[in-house]
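I have placed the structure first, in the form of structure tokens, so that the comments after it can refer back to it.
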Amino acid sequence: MSSIRQTIDVDRRPEDVYDYVTDAQRIPEWQLSAVSAERLDEGPVGVGSRMRVTRHVGRRVMPMTMEVTEYDPPHSWGMRGVDGPVRARVHGEVEPFDEGRRSHVTIEVDFEGHGVGKVLVPLVVRPQVRKELPRNEQILKDRLEHTGE
């Protein structure tokens, strides 16, 4: 199956957008399915950093460990799930435009199911994310443009 990809324009500098989207503690502020998120290691974020994100997946609440696989501020980031039945692969890009005052934000997500996740991914996870990702990006845009985050 193909990945789910969504792009939105945000009236903020790429550095502001990148700092916000890559801050683990901010994830529940703009991602509807996220119940909580926390860093699992100390020090600066970079490739190999890990976080635990707990999400509503259908009617279940599932914790998952995510590992940073790409970290190129303020341009792109990547993460992959390393445990649990549903393992996401996420790639994000922030591209400047309007002389660097605004940003194109693209988020691409794909999934791999393990065990019960092989059933959950096509029946629950993909439909949920197809519906949620555009809403998440709109929340991201609204928070960054109107709350001064």
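In the working numbering, the protein residues as written are 9 to 157. The beta-carbon is built from N, C-alpha and C at its ideal position, and this holds for glycine as well.
- Annotation for residue 38: 144, 147, 148, 151 place their beta carbon closer than 7 Å to its own, counting only its chain and skipping 5 residues before and after.
- Residue nearest to residue 18 within the set 125, 103, 140 is 103 (criterion: CA-CA distance).
- Sequence-distant partners of residue 46 (beyond 5 residues in either direction) whose C-beta falls short of 8 Å from its own C-beta, in its chain, are 32, 33, 59, 60.
- Excluding residues up to 5 positions away in sequence, 55, 86, 87, 88 lie with their Cβ nearer than 7 Å to the Cβ of residue 77 in the same chain.
- Contact between the segment 19–27 and the segment 114–130 is absent, with fewer than three C-beta pairs closer than 8 Å.
- Under the three-state reduction of DSSP, residue 80 is assigned to strand.
- Taking 8 Å as the cut-off, the Cβ atoms of residue 133 and residue 90 do not count as close.
- For residue 101, same chain residues with a beta-carbon under 6 Å away, outside a window of 5 residues either side, are 84, 114 in chain order.
- Secondary structure in the segment 53–130: the alpha helix (DSSP H) runs of 4 residues or longer, each lying completely within the stretch, are 125–128 in chain order.
- Using a Cβ distance threshold of 8 Å, residue 112 and residue 30 do not count as a contacting pair.
- Residue 128 sits away from residue 43, with the two beta carbons spaced by 8 Å or more.
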